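**Student:** Below you will find the structure I want to go over with you.
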Amino acid sequence: MNFISEITEGLGIAFNAIRANKMRSVLTTLGIVIGIVSVTLMATAIEGVDRKFEESASAFGADVLYIQKFPWVGHGDWWTYRNRKDITVDIADDIERQATLVEAVAPSVVTVRPAQFGDRVVTNAFLTGTTNQYVNTSGTSLKDGRFFSQEESNGGRPVCVVGANIAENLFPNEDPIGKMIKVGGKPYRVQGVFEKQGGLFGIFTSDNRVFIPIKSFMSSFGSRRDITIQVKASSMADIEDVKEELRGIVRKSRMLKPSQADDFNINQQELLTETFGAITAVIAAVGFFITGLALFVGGIGIMNIMFVSVTERTKEIGIRKAIGAKRRTILLQFLIESSIICLFGGLLGLIVAYPLSLIANQILPTAMPLEVVAIAIIISLLVGVISGFLPAYRASRLNPVDALRYE
Amino acid sequence: MEIINLKQIKKIYDMGGAEEVQALRGVDVIIGKNEYVAIMGPSGSGKSTLMNIIGCLDTPTSGLYEFNKINVSEMNDDQLAKIRNKEIGFVFQTFNLLARSNALHNVELPLIYAGINKATRRQLAKQALDQVGLADRMMHKPNELSGGQRQRVAIARALVTNPSIILADEPTGNLDTKTGDELMTLLAEVHQQGNTIILVTHEEYIAEHAKRIIRLRDGHIESDTIVENR
Ligand SMILES: Nc1ncnc2c1ncn2[C@@H]1O[C@H](COP(=O)(O)OP(=O)(O)OP(=O)(O)O)[C@@H](O)[C@H]1O
Ligand SMILES: [Mg+2]
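Going down the list, the sequences are from chains V and H.
Numbering-wise, the first sequence is residues 1 to 407 according to the working numbering.
Numbering-wise, the second sequence is residues 1 to 230 according to the working numbering.
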C-alpha cells in the first residue's frame, strides 16, 4: 500500500491511542522529558561557558599571542634563549602585512623608568613603547581620553597614555588629560587613561604602565632592543591555526631553513584556556551521564508501555490483519506511536527547559542554541524508534487468528 | 468457475506432550463463483477452523488449498494479507469493528491497506454504507450503533473492496431473530448481485437462505447437499 496513507493512518491511530490514555502517555514520557531537559540545559550551559570564555579570553588577553625570544614556561638553557636574535619591529610589520587570521598586531618594548608630575613620582613605572594598534591587541579599554593615533604613533610624537595606578598616583585630585608628565626624564602629554584592570594577571595589566609611541621610545631610550610582538587572534576557537600562521611568517622573516629550529617563542596565557576547558568537560560529562541515564530509563518506560499497548490492542491488530494490514504496516503503526509519544516528551522537555535556560542566562551569558532544539527532537524520535521496535515487531508478527480470538 | 478448492485439508493443534486436537481431518471442498454455501455442524466440529483457513487467516497443517487456481498453502504472511485484503470480505460474529473509529473509517480501512487514494476511498466507503442502509450513520462510532447496525457496517467493510468471496462466521449469532432476518435479507441481496458467500451457522432457518449446505462433524464433512429451488 501507499506509504503516505500508511503514515497518515499510523499518525491517526497514534493520536487516538495517546488521547485515549492521556495520563499514561504523559507519565511514560517523564524519562524522556528529563533527558531532553538535561541535554538542553547542558548544551545551554556549555554555550554559556564558551561565551563567557570568549568574553574573558578577550578581557584577560587569553586570545593574545606574544612573540618573544623567551618562552614563558622555561625548560632548557637560558643562554640559548638569551643568544637568540632580537625580535624586531620589522617582524611585526611582516605579520601585519601577511597574517590573515589576526585582528591586530602591536610591537611593544618595555623598560622601567620613573614617572613624574610636579613633585609626585612613581619610581618604577613600566614605560612601554608601542603603536596605536596596542589598544586593539589588549582587552583593555580607556576610561578617559583616547589612545594615541596612527599619526602620533608613526610620527613618534611625545604623547602618552597612562595606566590607572599611574594616574591615581600622579593626579590624585586633577584631570590628567592634557597634562605634561616626565617619564625617564622626557616630557609626554597625557592623551588618555586606562580603565583599572586589577586582578589576577598583574604584569599583563595596563595599571602600572605608561604607553608612548614606539618611535619616541626608540629615539629616547635606544633602538637596539628586543621587543615583544602582541597579536590578537580573530577568534579564540582557531587559536592553534593562528599560532601556525604566525610561526610560518616569523620563520620566513628570519629566513630560517627548514632544518633549523624556531629561534623565537609564541607565548600565550594557557591558564584560562585550561580552566575553561576543564569546566566545559565537567559539564559535558555530568550532562551526558544524566541525559544518558534519563533517556535509557525513559526508553525502557516507553518500551514497557508499548508492550502494554500492543497487548491491549491485540484484537485490533487481529482485525487490521484480517482486512489486509501487512506486517510492515503494523510495525510502522506502533513505531509511529512510540515515536509520537517520545516526540511529545521531547517537546515537553524543551518547553520545560526554555524558562530554565532563561534563568541560567542570569548567571551565564547564554541562550538555548537553536541546533539543540533540532538535536532534542532527533534524539526523542530515535529513542521512540529504538524502544518501540521490539513491541512493534512483536505486534507485527502476531498470528491473525490468535489475535482475533484474544479477549 | 471455481474459486475455492480444498484438498485433504487437515488442521491439528499440538497441545504439548502427546495431546493433540484434530480440528480438521481431511476436508475436500470445491466452491464456485456466486455460490451461497452454509456450513453447519455441532459446536467444536471445526466450522470456524475451516472458515479461517478458507479466509487465509490461518494455514492448514497439511493439504492443498487453491484460491482462484493459485496455491495459497505456501504463501507467506504478507502475501496472505494481500489476498485477505483484495479477495476476501469477513463478517464476524462479534462484528470486530475498530471501537475508536467511526463507521466511515471502519469501512475505509481495507481500502487504506489497498493503497487507494483518499477521494476514491471516501466515495467507495460511502457507497458501501449506503448499500447496507447506513448512509445516515457514517459518523457514528460502533458503541453508538445497535448490534444490527454494527453488523451492517461490517458487511459494508466486507463489500467495499469488491472481493471474490464473503465469509460470515455466525453473523447473526449476536443478534435477535428479527435483526438476524434483516441481515440475512441483506446478504441475500448481496448474493443476488453476483457475490459468493460462505456462511457458518447453527440455525436451520438461517441456513435456509443458502443454496448449498455442508455439514461438518468431528472435522469431517458429513454431508454436502445442494438445496433445489429456493
Ligand atoms: N487455537 C486452538 N488451539 C487448540 N485447539 C483449538 C484451537 N482452535 C480450535 N481448537 C479446537 O478445534 C476444534 C474446532 O474448533 P472450531 O472453533 O473450528 O469449532 P466450531 O465448529 O467453530 O465450533 P463453534 O460452533 O462452537 O464455534 C475444537 O475442538 C477446538 O477446541
Ligand atoms: Mg466457531
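Note that the Cβ used here is the ideal one computed from N, Cα and C, for glycine as well.
If you're wondering where the values come from, they're calculated on a predicted model, not measured in any experiment.
#1: Cβ of residue 169(H) within 7 Å of any heavy atom in ligand 2?
#2: Under 8 Å between beta-carbons, which chain H residues line up against residue 327(V)? List them in chain order, please.
#3: For residue 100(H), which of helix, strand or coil comes out of DSSP?
#4: Going by other Cβ atoms of all chains shown within 10 Å of its Cβ, with 16 needed for buried, is residue 289(V) buried or exposed?
#5: So which residues of chain A does residue 195(H) contact, with C-beta pairs closer than 8 Å?
#6: Can we count residue 47(H) as close to ligand 2, meaning its CB is less than 7 Å from some heavy atom?
#7: Please report the straight-line C-alpha distance between residue 82(V) and residue 156(V), rounded to a whole angstrom.
#8: In chain order, which continuous runs of the beta strand (DSSP E) of length 3 or greater are located wholly inside the region 78-163 of chain V?
#9: Under 8 Å between beta-carbons, which chain V residues line up against residue 96(H)? List them in chain order, please.
#10: At a cut-off of 7 Å, is residue 40(H) close to ligand 1 when judged by its beta-carbon and the heavy atoms of the ligand?
#11: On a CA-only basis, which of 220(H), 93(H), 214(H) and 72(H) is nearest residue 35(H)? Give me that one, please.
#12: To which residues does DSSP link residue 225(H) through a beta bridge?
#13: Residue 213(V) and residue 186(V) - do their beta-carbons sit closer together than 8 Å?
#14: Kindly indicate the opening and closing residues of the beta strand (DSSP E) around residue 369(V).
#15: What are the residues in the region 344-377 of chain V lying within 9 Å of chain H by C-beta distance?
#16: Assign residue 391(V) to one of three DSSP states: helix, strand, or coil.
#17: With distances taken Cα to Cα, identify the nearest neighbour of residue 194(V) among 361(V), 143(V) and 14(V).
#18: Classify residue 44(V) as helix, strand or coil using the three-state DSSP reduction.
#19: From the beta carbon of residue 312(V), is the nearest beta carbon of chain H less than 8 Å away?
#20: Quick check: what's the CA-CA separation for residue 294(V) versus residue 35(V)?
#21: For the beta strand (DSSP E) that contains residue 232(V), what are its first and last residues?
#22: Compare the C-beta of residue 309(V) with all C-beta atoms of chain H and state if any pair is closer than 8 Å.
#23: So, helix, strand or coil for residue 200(V), using DSSP?
#24: State the Cα-Cα distance for the pair residue 118(V) and residue 181(V), rounded to the nearest angstrom.
#25: Considering only the alpha carbon of each residue, which of 341(V), 89(V) and 101(V) lies closest to residue 236(V)?
#26: Could you name each continuous alpha helix (DSSP H) segment of 4 residues or more that falls completely within the region 161-212 of chain H, going from the start of the chain to the end?
#27: Among 207(V), 379(V) and 78(V), which residue has its Cα nearest to the Cα of residue 140(V)?
**Tutor:** The structure says:
#1: yes
#2: 77, 78 and 81
#3: coil
#4: exposed
#5: Any reference to chain A falls outside this structure, whose protein chains are V and H.
#6: yes
#7: 29 Å
#8: 102-117, 120-130, 142-145 and 159-162
#9: 315, 318, 319, 322 and 404
#10: no
#11: Just measuring C-alpha positions, the residue of 220(H), 93(H), 214(H) and 72(H) sitting nearest residue 35(H) is 214(H).
#12: 213(H)
#13: Cβ distance not < 8 Å, so residue 186(V) and residue 213(V) don't count as in contact.
#14: First-last for residue 369(V): undefined, no H or E at that position.
#15: none
#16: helix
#17: 143(V)
#18: helix
#19: no
#20: If you draw a straight line from the Cα of residue 294(V) to the Cα of residue 35(V), it is about 5 Å long.
#21: 228-233
#22: Chain H has no Cβ within less than 8 Å of the Cβ of residue 309(V).
#23: Residue placement at residue 200(V) is poorly supported in this model, since its pLDDT is 49, which falls under 50; the coordinates still yield a value, given next. Three-state result, residue 200(V): coil.
#24: 8 Å
#25: 101(V)
#26: 177-192 and 204-207
#27: For the residues 207(V), 379(V) and 78(V), the minimum Cα distance to residue 140(V) belongs to 207(V).
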